[in-house]
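S.K.: Residue numbering for the sequence shown follows UniProt numbering, beginning at 1 and increasing consecutively. Quick reminder that beta carbons are idealized off the backbone N, C-alpha and C, glycines included. Bear in mind that the values here come from a model prediction, so they are computed numbers and not experimental data. Input: one structure, supplied below.
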Amino acid sequence: MAKKIINDQGETYVAVKPWYKKWWVWVLAVIIVIFGFSMLGSNDDDTNTASTTSSAKHASSAKTSKSAANQVYKVGQSATIDGIKLTVNSVKTATSLDDYTKPKSGNQYYTVNVTLKNTGKEKADYNSYDFEISSNGNRTDFDEINTDDDNTLDSGSLSPNGTVSGDLIGQATKTGAVKLIYTPNSLSDAHRTFQLR
């Protein structure tokens, strides 16, 4: 029962407990918290099932991706990765690009003509920095500039079934194996390799 208070004028007041001091409020709060945790627990089971299924799919696609990643393609062949079909059309070598630029000692310039085709259903971005030239364990970008070449591959987006061709210019050693490595997603190790020499 509520406590009665009488003031100096003889008026009687009933002291009411604040809402947070009533026992039924705390019981209701505990029930809500328990119910909330049980709902979170059941969602975790669904998520684990979905992630297990997703992991199995990813593992099977990873096997396919690893076998394609280990394959080395030749000039004139095509390879597909992430919905992009890459074809290395030709490779030219030169000891200089113009009268002013010379490669590092023991190196030569490689001008690689490539074609990219979007085989996916959504637009796909491309960039010349998705490509590297590899020689004797050293991987560098195709970042050389030939002022006489007006067909360099820049960056952009390809709509579905869209194609683009262009030249990539880099330098690597004159001797030994030289490869082009295409990695369209910098957050992934998935790549395709082409033997240039």
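Check whether the stretch 126-143 touches the stretch 98-105, taking contact to mean three or more Cβ pairs, one atom from each stretch, closer than 8 Å.
M.R.: With a cut-off of 8 Å, the stretch 98-105 and the stretch 126-143 do not count as touching, because too few Cβ pairs lie within range.
S.K.: With a Cβ-Cβ cutoff of 7 Å, do TYR110 and GLY176 count as a contact?
M.R.: Here residue 110 refers to the residue found at position 110 when the sequence shown is read from its first residue. Here residue 176 refers to the residue found at position 176 when the sequence shown is read from its first residue. No, they are not a contact pair.
S.K.: Which word fits LEU28, buried or exposed, when buried means at least 16 other C-beta atoms lie within 10 angstroms of its C-beta?
M.R.: Mapped onto the sequence shown, residue 28 falls at position 28. Exposed: under 16 other Cβ atoms inside 10 Å.
S.K.: For ILE5 and PHE37, what's the separation of their Cα atoms in angstroms?
M.R.: Locating residue 5 in the sequence shown gives position 5, counting from the first residue. Locating residue 37 in the sequence shown gives position 37, counting from the first residue. The straight-line gap from Cα to Cα measures roughly 43 Å.
S.K.: Distance, Cα to Cα, LYS21 vs ILE32?
M.R.: Here the question's residue 21 lines up with position 21 in the sequence shown. Here the question's residue 32 lines up with position 32 in the sequence shown. The straight-line gap from Cα to Cα measures roughly 17 Å.
S.K.: Going by the beta-carbon positions, is the gap between LEU158 and LEU168 smaller than 7 Å?
M.R.: Taking the first residue of the sequence shown as 1, we reach residue 158 at position 158. Taking the first residue of the sequence shown as 1, we reach residue 168 at position 168. Going by C-beta atoms, LEU158 is not nearer than 7 Å to LEU168.
S.K.: Can you list, in chain order, the residues of its chain whose CB lies under 7 Å from that of LEU86, leaving out five sequence neighbours each side?
M.R.: What you label residue 86 is simply residue 86 of the sequence shown in a count that begins at 1. The residues are SER78, ALA79, VAL114, LEU116, TYR182 and ARG192.
S.K.: Is it buried or exposed for PRO184, if we count other Cβ within 10 angstroms and need 16 for buried?
M.R.: Taking the first residue of the sequence shown as position 1, residue 184 is located at position 184. PRO184 is buried by the Cβ-count criterion.
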